[in-house]
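J.: Take the sequence shown: its letter number 87 is residue 114 in the working numbering, and every next letter is one higher. Think of the CB as a built atom: it goes at the ideal place given N, C-alpha and C, for glycine as much as any other residue.
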Amino acid sequence: MLDIEAIDPNYYNAKNTPEFISFDKKLYLSINGIGEPDHNEFQSKSKLLLEFAQEFANYALKEHQISFSIPRLETLWELDQSAKDKSQLHTRWAWKLLLRIPLKFKDSLISLFQSYHSDGNTSSVNGISIFEYEDGDCVQMLGKGHMSSNTDIPIGEMFRYIRQLGRRPKEFHHEIYLGKTPSDKTVIIRQPLH
């Protein structure tokens, strides 16, 4: 079985202090939404994506003998600037939930995704797509909670470090959830840079 976390451990590790790091292009299953992480849409789409990923992994093994484990849930977050009431901007987080899949199987997985869809498995596919993304240069660190809620995440420390590097943050950030249980809010906060 291909374990992405074991193959690419640097991707799933961060320090308690800000660090500069770069990542190349990765491949994901993804689904989009808007709202804060404790809202129903985020929770229901997280569940949908995880359930689909497991169905997809089972299908890949049965039909194509491709075996891989389901890695940790991730999210790209960006403020929805189209919100009319700017005082409510904090509730207008646009997000893309991500589950990483092996890049080395890109062509076969895209074909598999299409055949899975065409085999009538459409209800769980609704809104889910294959997405390529590259963090590139970024600053990252460990925290507790989501950046959107600022829970135990020293945002100021990250942004001071970014200024010291002479860089600017991009308008979105990347979170990787490390907790094994819902009560464990350990997260890697990754801020891509211009």
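(1) Rank Phe69, Gly163 and Phe79 by C-alpha distance to the C-alpha of Phe50 and give the top, closest one.
(2) Between which two residues does the beta strand (DSSP E) harbouring Asn59 extend?
(3) Residues in the same chain with beta-carbon distance under 7 Å from Lys42, minus the five sequence neighbours each way, listed in chain order, please.
(4) So if DSSP puts Arg190 in a beta bridge, which residue, or which two residues, is it bridged to?
(5) Is Gln92 helix, strand or coil when you go by DSSP?
(6) Mind checking which residues open and close the alpha helix (DSSP H) that includes Glu32?
(7) When DSSP labels each residue in this structure, what does Gly206 get in the three-state scheme?
(8) When DSSP labels each residue in this structure, what does Glu198 get in the three-state scheme?
(9) Hey, quick one: how far does the beta strand (DSSP E) through Lys212 stretch, first residue to last?
(10) How is Asp164 classed by DSSP in three states: helix, strand or coil?
(11) Please name the residue in Glu161, Ile203, Cys165 and Glu82 whose C-alpha comes closest to that of Leu192.
(12) How close, in whole Å, do the beta carbons of Ile61 and Arg119 come, if the pair is a contact with beta carbons under 8 Å?
(13) Take the Cβ of Lys131 as the centre, count every other Cβ of all protein chains shown within 10 Å, and call the residue buried at 16 or more, exposed below.
T.: Looking at the coordinates:
(1) When each option's Cα is compared against that of Phe50, the closest is Gly163.
(2) In the DSSP assignment, Asn59 falls within the unbroken beta strand (DSSP E) covering Glu46 to Ile61.
(3) Result list for Lys42: Met168 and Leu169, in chain order.
(4) Note: Arg190 sits in no beta bridge, so no partner.
(5) Note: Gln92 maps to coil in three-state DSSP.
(6) Segment Ile31 to Ile34, the alpha helix (DSSP H) holding Glu32.
(7) For Gly206, the three-state secondary structure derived from DSSP is coil.
(8) Glu198 falls in the coil class under three-state DSSP.
(9) Looking at the DSSP string, Lys212 is not in any beta strand (DSSP E), and its letter there is neither H nor E.
(10) Asp164: strand per DSSP, three-state reduction.
(11) When only C-alpha atoms are compared, the closest one is Cys165.
(12) About 6 Å separates the Cβ atoms of Ile61 and Arg119, confirming a contact at the 8 Å cut-off.
(13) Its Cβ having fewer than 16 others within 10 Å, Lys131 is exposed.
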